[in-house]
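**Q**
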Amino acid sequence: MDPPAGFVRAGNPAVAAPQSPPSPEGAHFRAAHHPRSTDSRCPGSLQPSRPLVANWLQLLPEMPVDFTGYWKMLVNENFEEYLRALDVNVALRKIANLLKPDKEIVQDGDHMIIRTLSTFRNYIMDFQVGKEFEEDLTGIDDRKCMAGVQSRDLSSL
4 MDPPAGFVRA GNPAVAAPQS PPSPEGAHFR AAHHPRSTDS RCPGSLQPSR PLVANWLQLL
64 PEMPVDFTGY WKMLVNENFE EYLRALDVNV ALRKIANLLK PDKEIVQDGD HMIIRTLSTF
124 RNYIMDFQVG KEFEEDLTGI DDRKCMAGVQ SRDLSSL
């Protein structure tokens, strides 16, 4: 499978990296996608990877690409600076920087459920693309905020 536009092959042909440098507007999440096998004899088995680059400040309002699957984090860039800008305390920033959470995404049209799975805390975002929703950060920094999904392009989160 050829990587989508804007991606180049990395050392592992199953993982692609962006051609452009990280955006100054926030943290980036680069991951390899591992869709779960539909073979019931091998529950949880993984198929070859697809790339994902995510900027969690801007998500998509229209999503023709189905992101359903299990995603493994490879790199987290500018995350500590992002947390510092959000005024997250030093101890939580250090813990968060050490984590390599996985993402499990279930997408049904414009409805998405994103489960962030880590050894520190599991976190669920359930939202409708294009609509504002309340994000509860209890246990992370004990804040609630309004979040929204905005268009970036049709192949990234």
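Quick note: the sequence shown uses the working numbering, first residue 4, plus one each step.
For every residue, glycine included, the Cβ atom is placed at its ideal position computed from N, Cα and C.
#1: With DSSP as the reference, label Glu84 as helix, strand or coil.
#2: My understanding is that Leu120 touches Asp105, with C-beta atoms under 8 Å, so please give their C-beta distance in whole angstroms.
#3: Does the Cβ of Ile127 have 16 or more other Cβ atoms within 10 Å, making it buried, or fewer, making it exposed?
#4: With 16 other CB atoms within 10 Å as the buried threshold, where does Gly112 fall?
#5: When the Cα atoms are used, what is the spatial distance from Ile117 to Ala150?
#6: From Met76, Val91, Val132, Glu83, pick the residue whose C-alpha is nearest to that of Arg146; which is it?
#7: What do you reckon, are the CB atoms on Glu83 and Asn100 nearer than 8 Å?
#8: What span of residues does the alpha helix (DSSP H) with Val93 cover, start to end?
#9: Quick check on the burial criterion: 16 or more other C-beta atoms within 10 angstroms. Buried or exposed for Val93?
#10: Since Arg124 is in the beta strand (DSSP E), which residue starts that stretch and which ends it?
**A** Checking against the coordinates, here is how it stands:
#1: helix
#2: 5 Å
#3: exposed
#4: exposed
#5: 14 Å
#6: Val91
#7: yes
#8: 93-101
#9: exposed
#10: Arg124 -> no beta strand (DSSP E), and no H or E assigned at all.
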